[in-house]
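In full-length UniProt numbering, the protein residues as written are 1 to 408.
Note that beta-carbon positions come from the ideal geometry of N, C-alpha and C, so glycine has one too.
Given the structure is predicted, the values throughout are model-derived calculations rather than measurements.
As structure tokens, the structure follows; a few thoughts come after it.
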């Protein structure tokens, strides 16, 4: 007979409900958001003094959500910026408190269970769409597009991979991780998103290389020299990728492979966006305050790419998007978050495959790979933002946190 720990069961239930609501957000809309908020806020207020202490400890990752919320003060769409910014702020707080309070092995088990349901629903009962270029039937699952499906598939793959190699879980849960990883990979194949597939494979390889490197025993001077070389190499690779994409080589490669590059005209989008950036270079135009009817830049982009006026859209590049919406200040904060995470990873002495730290490394690398062609960071009520915050918390140095006393 298996003994059931009530505390762990409660943690599992909270984590499952929160992850399930975010995985099915596209399907259930407002209802999923309300369920997420109800469960998440309950987790926060159960020990609000401790929750405040957690937020104070991880204040850096909250800077973008706070700035997004405050951007209504200068936004052309103040209501939209305030609402979306506040929702992002709540999402981030709930994610931080959840990552700090729920045991990582409990979260992995609960998240994998919810993700497996979402992947199976997408595979067997999901929607399909016709690729406009190749006329192929592609899987969109329970999500709005194949790209959105591929991101969630990628997050599920890394959750399954970590759970499969975790030594702290029973065999049944490790088998669950293997099943999730296999199912998510099949979903990714059926989505026919070459960019998503490449991002997942490269992130797996890069994550394993990082883990092997950190477990490689070497002198401190040699490690510092290697760290410098790795950072320099990463910068050069990043610049090369930007040039490869911005000069149209990516489109040519996709067309030669009979694949839809998805973002035909992306250089025009970025060009118009960067021109618009100079209208408010310091603080930006406001969070999610560009693509609205009546904005000349938005109307030009919709017309050029044959989209209906008012269609949901973004700049399909995280760096460009945040530069335009939150200006140089927001862009600097975003770069700081990335650099801090890179520094935390490189300063690790060792990381075991299947640990919470390895999970954080995989998630961070995968989300970093999304920045060139997608806007996946800092999305309210999203699985992406939840796991970005988890990655931040899991890579933070361990230290005792004293609850903040609230005096009435």
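Cut-off 6 Å between Cβ atoms - residues of its own chain near residue 360, not counting five sequence neighbours on either side: 391, 394 and 395.
Using DSSP with H/G/I as helix, E/B as strand and the rest coil, what is residue 234? Correct three-state label for residue 234: helix.
Taking the alpha-carbon of residue 223 as reference, which of 347, 270 and 200 has the nearest alpha-carbon? Taking the Cα of residue 223 as reference, the smallest distance to any Cα among 347, 270 and 200 is reached at 347.
Using the beta-carbon count (16 or more within 10 Å), is residue 187 buried or exposed? Classification of residue 187: buried, given that the 10 Å Cβ count is 16 or more.
Where the alpha helix (DSSP H) containing residue 106 begins and where it ends: Looking at the DSSP string, the run of the alpha helix (DSSP H) that includes residue 106 is 104-125.
Using a 10 Å radius around the Cβ and a threshold of 16 neighbouring Cβ atoms, would you call residue 319 buried or exposed? With 16 or more other Cβ atoms inside 10 Å of its own Cβ, residue 319 counts as buried.
Residue 168 versus residue 64 - alpha carbon distance: Approximately 34 Å between the Cα atoms of the pair.
For residue 89, which residues in the same chain have their Cβ closer than 8 Å to its Cβ, ignoring the five residues on either side in sequence? The residues are 62, 65, 66, 68 and 69.
Which of helix, strand or coil DSSP assigns to residue 315: Look at residue 315 here: in three-state DSSP terms it is coil, with no helix or strand label.
Just curious, the alpha helix (DSSP H) that residue 392 is in, first and last residue? Where residue 392 is concerned, the enclosing alpha helix (DSSP H) stretches over 383-394.
Using DSSP with H/G/I as helix, E/B as strand and the rest coil, what is residue 147? Three-state DSSP puts residue 147 in a helix.
Terminal residues of the continuous alpha helix (DSSP H) containing residue 5? Annotation: residue 5 is outside any alpha helix (DSSP H) and is labelled neither H nor E by DSSP.
Cα-Cα separation, residue 7 to residue 100: Between residue 7 and residue 100, the C-alpha separation is close to 15 Å.
Mapping DSSP to helix, strand and coil, what is residue 300? Here residue 300 sits in helix by DSSP.
Close beta carbons around residue 208, own chain, < 6 Å, minus the five adjacent residues each side: Once the five neighbours on either side are set aside, residue 208 has no close Cβ partner at all.
If you pair each beta-carbon of the segment 105-122 with each one of the segment 52-59, do three or more pairs fall below 8 Å? With a cut-off of 8 Å, the segment 52-59 and the segment 105-122 do not count as touching, because too few Cβ pairs lie within range.
Could you pull the start and end residues of the alpha helix (DSSP H) that residue 190 belongs to? From DSSP, the alpha helix (DSSP H) with residue 190 extends over 171-191.
DSSP state of residue 380 mapped onto helix, strand, coil: Residue 380: coil per DSSP, three-state reduction.
Can you give me the Cβ contacts of residue 315 inside the same chain, cut-off strictly under 6 Å, excluding the 5 residues immediately before and after it? Here the set comprises 269, 273 and 321.
Considering Cα atoms alone, identify which of 146, 171, 200 and 166 is closest to residue 190. Closest option to residue 190, Cα to Cα, is 146.
Please confirm whether residue 287 and residue 81 have their CB atoms less than 7 Å apart. With a cutoff of 7 Å on beta-carbon distance, residue 287 and residue 81 are scored as near each other.
Can the beta-carbon of residue 141 be found closer than 7 Å to that of residue 156? No, the pair does not count as a contact, with Cβ atoms beyond the cut-off.
With a CB to CB cut of under 6 Å and the five nearest residues on each side skipped, what residues in its chain are close to residue 119? Answer for residue 119: 156, 183, 184 and 187, listed in chain order.
Look up residue 12 in the DSSP assignment and say whether it is helix, strand or coil. Of the three classes helix, strand and coil, the one that applies to residue 12 here is helix, per DSSP.
How long is the line joining the alpha carbons of residue 386 and residue 150, rounded to whole angstroms? Straight-line spacing of the CA atoms in residue 386 and residue 150 works out to 17 Å.
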